[in-house]
Amino acid sequence: MAIHPFKIANYRAYWTARVASQLAGLSMVVVIGWQVYDIARETMGVKQAALQLGFVGLAQFLPLLALTLVAGWIADRLDRRWIVRASIALEGVCAITLAWLTWRGLVTLPALFGVAALLGVARAFVSPALQALAPNLVPPESLPTAIALSAIAWQIGAIGGPAMGGYLYAADPALPYFVATGLFALALAGMMLVRPVPRNAVERRRGPFAQMIDGLHYVRRNRLVFGAISLDMFAVLLSGATAMLPIYARDILQIGADGLGHLRAAPAVGALVVGLWLSWRPLRTNVGAKMLWSVVGFGVATAVFGWAGPVMPRLFGPGMIGHDLAPAVLVSLVALAALGAFDMISVYVRQSLIQLYTPDAMRGRVGAVSTLFISSSNELGEARSGFLAALIGPVVATAGGGIAAILVTALWARIFPELRRARTFDPPENVEATLNEEMTT
């Protein structure tokens, strides 16, 4: 019988560090977005403020784009624990810097963009190292459960962190940064408790650049992995609603900074409920089809959220609390909760397929490619949302993006039949032999 990952001290410390760092980093992302929009709105107007939100996403994405190949290669050559530790330390420096600037009333747009870029640098290195480290901490028979728990940890931070940031910012603008600093310290302490793990043999027959692009070649040739990663990239790139939440909270739903916390918390509720269910009853059959349908659900929920603000008051009038937008707020919260639930299923299936179908010697480089695709969807999705909102308005940009995600899913189901045919998470019998075959063809 497989031992539960939480019974392994190394994995417990790793999981704690992952949750804490994700909560801290992504709570900072939402606060940075709010501050950028708030400052730009007062000085430049609403349209230019939306444009600045796009530039925030771009500032985080460009460092990752430049460093992806290097970060993946380093994750397969050096001690992954120290890569994670150094990256978390850099994120902690960013947090305390913004905490001090905000507390002193000195925060500016250049400071916010500069910190966003540094967070992009840290993410470029920490993501592939974290993904590749998890399978080293548990025995093979415990790996599927460990992957599920890692996906839950990521989702808790990815959705719960921004919710936390919104609530703390409503209490005091500097508070989320101080809390993030403490969480990064906790994450660093957790990683320091992870004892040494076996390292891969370093390949010396080929040069560093050839080894760097191996990750790209492997992803391109493994159609199941490539289909799963690229589907997520295009779906979220087109339908990303989270970048628009500051605009919805302030100008469409008119619920302010504390309302932004409610909007950010709603996906967390949906994701956590589904995550707990998956940890108790993991998916075992038709995993590819379930991932495809979850992305369709993600698109539908995004479209409903996008239209709720302008449409619901016209349909139902004032709500129970006498506010014209009360029904719209309720529908928006439900749609965002559904969005988080569907996203949790997609993340769970995608991460499981990637890690189980990738040899350990390649996990750093494949993880870096996966991070680049995910960042393309998240950060470039924010840039797309900001630019498109400035051009055609946030409602059409958000709702139209949800419809586009549905169309992309239908297209990917046809282009990558391997996704439809993926029945279980069982990898090839000898994934290392698969690697050798891929690298020699």
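Take the position in the sequence shown, starting the count at 1, then add 5; the result is the number in the working numbering.
C-beta: ideal position from N, C-alpha, C; glycine also.
7 Å Cβ shell around residue i - same chain, five flanking residues per side excluded
| i | result |
| --- | --- |
| L154 | P10, W20 and S284 |
| S235 | F378 |
| G232 | W417, F421, E423 and L424 |
| I44 | L114 |
| L221 | V374 |
| G327 | The pLDDT assigned to G327 is 42, lower than 50, so where the model puts this residue is not dependable, and the model offers no usable value. |
| F392 | L56 and G59 |
| A104 | A179, Y182, F183 and T186 |
| A54 | Y42, A45 and R46 |
Beta-carbon proximity check, residue i vs residue j, cutoff 8 Å
| i | j | result |
| --- | --- | --- |
| A18 | A192 | no |
| V300 | F430 | no |
| G275 | L344 | yes |
| R90 | M249 | no |
| I8 | P144 | yes |
| E96 | A127 | yes |
| Q40 | V112 | yes |
| V230 | L358 | yes |
| N227 | Y42 | no |
| A175 | G266 | yes |
| F239 | V120 | no |
| A394 | A402 | yes |
| A2 | Y16 | Any question about residue 2 goes unanswered here, given that the chain covers just 6 to 446. |
| R94 | L106 | With the sequence shown as reference, residue 94 is identified as Ala, and Arg is not the correct amino acid for it. The answer is no: Cβ separation not under 8 Å. |
| V448 | A340 | Because the chain spans 6 through 446 in this model, residue 448 falls outside it and cannot be assessed. |
Expected contact under 8 Å - CB spacing of residue i and residue j to nearest Å
| i | j | result |
| --- | --- | --- |
| A76 | A373 | 5 Å |
| T290 | R428 | 6 Å |
| R370 | Q360 | Not quite, the Cβ-Cβ distance comes to about 13 Å (not below 8 Å), so this is no contact. |
| Y253 | L268 | 7 Å |
| G311 | A333 | Not a contact, Cβ separation roughly 11 Å. |
| A129 | T73 | 6 Å |
| A22 | G195 | 3 Å |
Of the residues the options, the one placed nearest residue i, counting alpha carbons only
| i | options | result |
| --- | --- | --- |
| M33 | I152, R46, A331 and G125 | G125 |
| G304 | P332, L28, A342 and A333 | A342 |
| L63 | L173, F189, A190 and A122 | A122 |
| T247 | V230, L229, D256 and P272 | P272 |
| A190 | C99, D219 and G398 | C99 |
| P167 | V36, L277, P364 and F347 | V36 |
| G171 | L297, P251, E47 and V309 | P251 |
| I101 | L72, P140 and P181 | P181 |
| W159 | A404, D348 and P364 | D348 |
| V199 | V279, D84, R225 and M238 | D84 |
| L69 | T376, R82, I152 and F118 | T376 |
| V279 | I161, A71, A194 and I13 | I161 |
| G110 | D177, L173 and L277 | D177 |
| G165 | L31, A415 and G398 | L31 |
| L297 | G50, R419, A331 and G38 | R419 |
| D237 | L396, A415, D219 and R426 | A415 |
| F118 | I88, G50, M169 and G38 | G38 |
Cβ neighbours of residue i in the same chain (closer than 6 Å, five flanking residues each side left out)
| i | result |
| --- | --- |
| W108 | A179 |
| A156 | V352, Y353 and Q356 |
| S244 | G304, T307, G406, G407 and A410 |
| I260 | A254 |
| A29 | A185, L188 and F189 |
| G322 | Annotation note: pLDDT 48 at G322 (below 50); position unreliable, no value reported. |
| M325 | Below a pLDDT of 50, predicted positions are generally treated as unreliable, and M325, at 38, falls in that range; the measurement from the model is reported next regardless. Excluding residues within five positions, none has a Cβ falling inside 6 Å. |
| G302 | F347 |
| S92 | A127, F130 and V131 |
| S337 | F310 and A313 |
Any non-hydrogen atom of the ligand FMN closer than 7 Å to residue i Cβ
| i | result |
| --- | --- |
| G266 | In terms of ligand content, the structure shown is empty, and the ligand FMN therefore cannot be addressed. |
Neighbourhood of residue i by C-beta distance below 8 Å, restricted to the same chain and skipping five residues each side
| i | result |
| --- | --- |
| K295 | L288, I350 and V354 |
| L400 | In the sequence as presented, Leu is not what sits at residue 400; that position holds Val. Taken in chain order, the residues that qualify are I257, G311, W312, G314 and P315. |
| N141 | R85, V202, P203 and D365 |
| S147 | A7, I8, H9, P10 and I13 |
| G398 | none |
Any 3 or more C-beta pairs closer than 8 Å across the region 119-138 and the region 61-81: yes
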